[in-house]
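Chemist: Take this structure first; my questions come after.
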Amino acid sequence: MSITLDQVTKRYQGSPVVNDVSLEVGEGEFFVLLGPSGSGKSTLLRAIAGLTGVDHGRVALHGNDVTHVSARHRGVGFVFQNYALFRHMTVGENIEFALRVRRMRTEDRRQRRKELLRLVALEGMDDRLPTQLSGGQQQRVAVARALAHKPEVLLLDEPFGALDAKIREELRRTIRQVQRELKITTVLVTHDQEEAFALADRIGVMNLGRLLESGRPDELYDRPATRFVATFLGAANLLLAKQTEQGIRFGATPVNARRIEKLEGGREHEVVAVLRPEEIELAPTRDNLRTNYIATGVVEELVFTGALERIRVRMTSGPSDAHIGSNSHVDGHNTAAILDVTRTQHEQRVFPVVFGQSVAIGVRRIHVLPTPLSSYTVCAAETAAAERLSQHPFLIELAGRMKTRIAKRIDPALATCQGNAQTRISGVAVIAAQVKVAKQVEWLLWNGAAEVMVLPSQAVSPQRVLIHWADDAARRSTLAVAASLLRHVPAEAVYVGILPESRGGEGQRPLGVRTLLDARSEAQAVHGLEMRTELRFGAAAEELQRQLNEQVDQMLILGISDLSQLSREFAPLFAAPAAYSMMIVYRPARESDEQAASA
Amino acid sequence: MAGPGNSQELLAEIASRPGRDTVVSFVVKAAFITTSLLFLAALLFAPLITVFATALEKGFEIYFNSFKDSDTLAAIRLTLTVAAIVVPVNVVFGIAAAWSIAKFEFKGKSFLITMIDLPIAVSPVISGLIYVLLFGMQGWFGLWLQEHDISIIFAVPGIVLATMFVTFPYVARELIPLMQQLGNDEEEAAITLGAGGLMTFFHVTLPKIRWGLLYGVILSNARAMGEFGAVSVVSGHVRGVTTTMPLHIEILYQEYNFVGAFAVASLLTLLAVVTLIIKTLVEWRTGYKRK
């Protein structure tokens, strides 16, 4: 491996800007780090170069640990967004700088300079000053300068940021060409997905300091694992659907799309479906569709963009309440179910549409995200309480980041926690922290909720998330929920393994450490979640409570596989209204076993 | 130099925009220019001419003879010595202060910025008195200094200290905005290319800030040679020993030696004019480079 990052963390004023990033970039690979501004991608790149120190983790170049090696001795080439050419030196002097530092002979320097200028197609520009060059030319000089000392790794920080579109494309081609010719391992940082697609062998998508997913561009586009990647790489319509044994169901409409990918797990549950705009078909009636019908709709907007036609269709029937795209309102009043559709010239000729026309909507391919957290349902006994809870800042922040909706459910039965709910609860149930919270959690889980989130009124976005499960049967599902949640929260993840004190204490340590390592590697391998581990001794509930009270801004994710565990083992956690938020994950033991078996 | 450089660019840009003449009529423009020119003539050019006129009143011979006076020569020598000590020290301090303010975040940063401005805000007389209070006979260190036979007040070291105090904001004030504006990228680039600290400083940072630095040096030098108030308090006016040029001019004037006083004054004025010319050249040069 050319570049190896192991759990790299960089904090700024306490909160992590790069959060537990592990990454391997192969020899000669062109890796693009893609993310919105503030996602920590530039900081990560600077950490590789040594321009920024890391607070935790290791950086290795070609197998050598360089975590504590200064930028000067790492021997990487770095290209800055605003070129950072030495403005008082000519192009030639700029390029020769690294060689002069290394006291190379004058003739050899000349020779190398000529080679490099040819490589970036700037022959004969040696004696110009940077100010006499255009932006594109300056960045070419910067690339040549970064390559002068034959670095084994080339790092580019938004190199096209300050250039206009045409020059950008030209320079992009040059850089790709140079990279192929030299076979140099390259990491490029950008926020432009088009750029990432054009250049990358592999793309890593970052958000909130975490590396969410990495993979080949086509893989990431076709099978994203997270909402963020689905919507950041290209456009995507996100819809809530029910996964049943027969397939996907939007509201009451079952879809038998041929190319629906199967998801493991037998029980019917809510999932998030990704519909790419180009995979949606429009036809005058349902019978004219050549693909699976999902709904009817009305054309709301029509934009001609040359090769493609962009259409926005408002769904009038079918899964109109299932839409969770970014344009739907969180308060639930306006679940404006708008689908983005793009059509080629050919499709336009086959079925021309006009503004306001009614159409049948079909879909060629649906991708189901493997996330266990689909939507939030605020549960309360009366309307006012539900209204208040649905305005909770942390919940709104979380739902906004997850691009999902917050539904409200008023269930008077919640006050007494007696009897059964009329309908099964789907999505994450959210309740306010109060005295009777233990009973409510139990009731909700009994009535079909798979996750319950307990929110104290003053809870904020946590800095640290503790993860714990009661027994091994709950491990898998707890990790899945934790991974899904932590992709949307800029917090550190810590798995707390707790062994009973009575049984030999220290003698248990090897077993405990083993459990921790297993948990960590499973989180990493199956869910792409990087987490720390801590081993404690004592009673689980007291130990967790003690840690949660140590500092503010923490959250607990607790996994159980049996409802009785709540009152038997974790009662102290619910005894008094807590200051920290909690997510209780419940999968009945039988179901977990099945999942484990099928996996 | 960031301030003037920027506003010049801005003005140039505004001037190139269409419609710039529509608001201001010719009359207003002429009135403004005439007012400022008249003001300049009355307050600046007239005194300047008087200095040279009075100095040369009795012919060139007497004018040049007044420089043959040993006390006058000593005053010139002292002034140049003080400037030669103060300016380099200010350069080192100015770069260090500007660097730490522009490149690092630390506690007490805003306090440091305020402190750098202090000498400009405080009256020069007070600046001188501070040193008298510290090192004078009745001062904090007075007794100790006397025991060790070190004289600071009413001697050259006192003059150097007072001058340094008065002049030290100039270099730092010039460099702080410049360094903040230029950022760290070039230095970082140099480091990734393998350059060490010294090489980065001399080959990248120093060339980058050289015009701003020179401008600061010029201002600092002008003040160092012309300072009267602070120096007057600490010098003790010992003729030929602790009088700098401005002090010597005053002494000559008090003795009704107008030609002598104005001759030295004209020399000081010439130094100032030369400094201004260099400053203008630097400004022109930086403006040109900034394009």
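Keeping their order, the protein sequence lines are chains A and B.
For the first sequence, my numbering gives the first residue as 4, with consecutive numbering after it.
For the second sequence, my numbering gives the first residue as 4, with consecutive numbering after it.
Backbone N, C-alpha and C fix where the C-beta goes; we use that ideal spot for every residue, glycine too.
Quick caveat: nothing in here was measured; it's all calculated off a predicted structure.
In its own chain, which residues sit with a C-beta less than 6 Å from the C-beta of residue 116/A, not counting the 5 before and 5 after it?
Modeler: Cβ neighbours of residue 116/A beyond the five flanking positions: 95, 98 and 99.
Chemist: Give the C-beta separation of residue 535/A and residue 477/A to the nearest angstrom, bearing in mind that I take them to be a contact with Cβ-Cβ under 8 Å.
Modeler: 20 Å between Cβ atoms; not a contact.
Chemist: Less than 7 Å between the beta carbons of residue 588/A and residue 562/A, yes or no?
Modeler: Against a cut-off of 7 Å, the Cβ pair of residue 562/A and residue 588/A comes out as a contact.
Chemist: According to the Cβ coordinates, are residue 138/B and residue 239/B closer than 7 Å?
Modeler: Taking 7 Å as the Cβ cut-off, residue 138/B and residue 239/B do not qualify as a contacting pair.
Chemist: What does the Cβ neighbour count give for residue 13/A, buried or exposed, with the cut at 16 atoms within 10 Å?
Modeler: So residue 13/A ends up on the buried side.
Chemist: So, using beta-carbon positions, are residue 180/B and residue 91/A closer together than 7 Å?
Modeler: Cβ distance not < 7 Å, so residue 180/B and residue 91/A don't count as in contact.
Chemist: Can you tell me where the alpha helix (DSSP H) holding residue 74/B begins and where it ends?
Modeler: From DSSP, the alpha helix (DSSP H) with residue 74/B extends over 73-106.
Chemist: Mind checking which residues open and close the beta strand (DSSP E) that includes residue 112/B?
Modeler: It is not in any beta strand (DSSP E) - residue 112/B instead sits in the alpha helix (DSSP H) that spans 112-124.
Chemist: Let me check understanding here. Comparing Cα to Cα, which of 252/A, 342/A and 256/A lies closest to residue 241/A?
Modeler: Nearest of 252/A, 342/A and 256/A to residue 241/A, Cα basis: 342/A.
Chemist: What does the Cβ neighbour count give for residue 446/A, buried or exposed, with the cut at 16 atoms within 10 Å?
Modeler: Buried, because 16 or more other Cβ atoms sit within 10 Å of the Cβ of residue 446/A.
Chemist: Please check if any C-beta of chain A sits within less than 7 Å of the C-beta of residue 192/B.
Modeler: Yes, contact with chain A.
Chemist: Look at residue 24/A and residue 11/A and say whether their C-beta atoms are less than 7 Å apart.
Modeler: Yes, Cβ-Cβ distance for residue 24/A and residue 11/A is below 7 Å.
Chemist: Check whether the segment 390-408 of chain A touches the segment 428-438 of chain A, taking contact to mean three or more Cβ pairs, one atom from each stretch, closer than 8 Å.
Modeler: The segment 390-408 of chain A, when compared against the segment 428-438 of chain A, does touch it at the 8 Å Cβ threshold.
Chemist: Bridge partners for residue 472/A per DSSP, in chain order?
Modeler: The partner list for residue 472/A (beta bridge, DSSP) reads 562/A.
Chemist: Is the CB of residue 195/B under 7 Å away from at least one CB in chain A?
Modeler: By this cut-off, residue 195/B is an interface position.
Chemist: Between the alpha carbons of residue 62/B and residue 261/B, how many angstroms are there, rounded?
Modeler: Rounded to the nearest angstrom, the two C-alpha atoms are 13 Å apart.
Chemist: Along the segment 89-119 of chain B, where does the CB come closer than 7 Å to a CB of chain A? Name the residues.
Modeler: Listed in sequence order: no entries.
Chemist: At a Cβ threshold of 7 Å, is residue 71/A touching chain B?
Modeler: By this cut-off, residue 71/A is not an interface position.
Chemist: Using the beta-carbon of each residue, which ones in chain C are nearer than 9 Å to residue 79/A?
Modeler: Looking for chain C here will not work: the only protein chains present are A and B.
Chemist: Between residue 74/B and residue 243/B, how many whole angstroms is the CB-CB distance? I'm expecting something under 8 Å.
Modeler: Their Cβ separation, rounded to whole angstroms, is 4 Å, which keeps residue 74/B and residue 243/B in contact under 8 Å.
Chemist: If I measure Cβ to Cβ from residue 261/A and keep anything under 6 Å in the same chain, skipping five residues before and after, which residues do I get?
Modeler: Any answer about residue 261/A is weak, because its pLDDT of 48 lies below 50 and its placement is not dependable; what the coordinates show is given next. Excluding residues within five positions, none has a Cβ falling inside 6 Å.
Chemist: Taking the Cβ atom as the reference point for each residue, do residue 166/B and residue 227/B lie within a distance shorter than 7 Å?
Modeler: Yes, Cβ-Cβ distance for residue 166/B and residue 227/B is below 7 Å.
Chemist: Taking DSSP as the reference, what is the three-state secondary structure of residue 21/A?
Modeler: Strand at residue 21/A.
Chemist: Could you check whether the segment 173-187 of chain A touches the segment 203-210 of chain A, counting it as contact only if at least three pairs of C-beta atoms, one from each stretch, sit closer than 8 Å?
Modeler: Counting Cβ pairs under 8 Å, fewer than three are found: no touch.
Chemist: Counting C-beta neighbours from all protein chains within 10 Å, is the total for residue 123/B 16 or more, i.e. buried, or is it exposed?
Modeler: It is exposed - the Cβ of residue 123/B has fewer than 16 other Cβ atoms within 10 Å.
Chemist: Give the single residue among 228/A, 546/A, 467/A and 486/A whose Cα lies nearest to the Cα of residue 18/A.
Modeler: Residue 467/A is the option with its Cα nearest to residue 18/A.
Chemist: Under 7 Å between beta-carbons, which chain A residues line up against residue 182/B? List them in chain order, please.
Modeler: Per Cβ cutoff of 7 Å: no residues; residue 182/B is ~14 Å from chain A at best.
Chemist: When you compare the CB of residue 160/B with every CB in chain A, is at least one pair closer than 7 Å?
Modeler: No, its Cβ sits nowhere closer than 7 Å to a Cβ of chain A.
Chemist: For a contact defined as C-beta to C-beta under 8 Å, what are the partners of residue 54/A on chain B?
Modeler: By Cβ distance, chain B contributes 191, 194 and 195.
Chemist: Looking at the C-beta of residue 89/A, does it have a partner C-beta in chain B at a distance below 7 Å?
Modeler: Yes, contact with chain B.
Chemist: Using a cut-off of 7 Å between C-beta atoms, extract the partners of residue 202/B located in chain A.
Modeler: Here the neighbours are 104.
Chemist: Thinking C-beta only, is residue 273/A closer than 7 Å to residue 377/A?
Modeler: A contact, by the Cβ cut-off of 7 Å.
Chemist: Can you tell me which of 425/A, 431/A, 421/A and 591/A puts its alpha carbon nearest to the alpha carbon of residue 442/A?
Modeler: Considering only alpha carbons, the answer is 421/A.
Chemist: Please compile the residues from chain A whose C-beta is within a distance smaller than 9 Å of the C-beta of residue 211/B.
Modeler: Those within 9 Å of residue 211/B in chain A are 89, 90 and 91.
Chemist: Just confirm the distance between the C-beta atoms of residue 200/A and residue 215/A, as a whole number of angstroms; I'd bet it's less than 8 Å.
Modeler: Residue 200/A to residue 215/A, Cβ: 17 Å. No contact.
Chemist: Determine whether the Cβ of residue 175/A lies closer than 7 Å to any Cβ atom of chain B.
Modeler: No, residue 175/A lies away from the interface with chain B (no Cβ there is under 7 Å from its Cβ).
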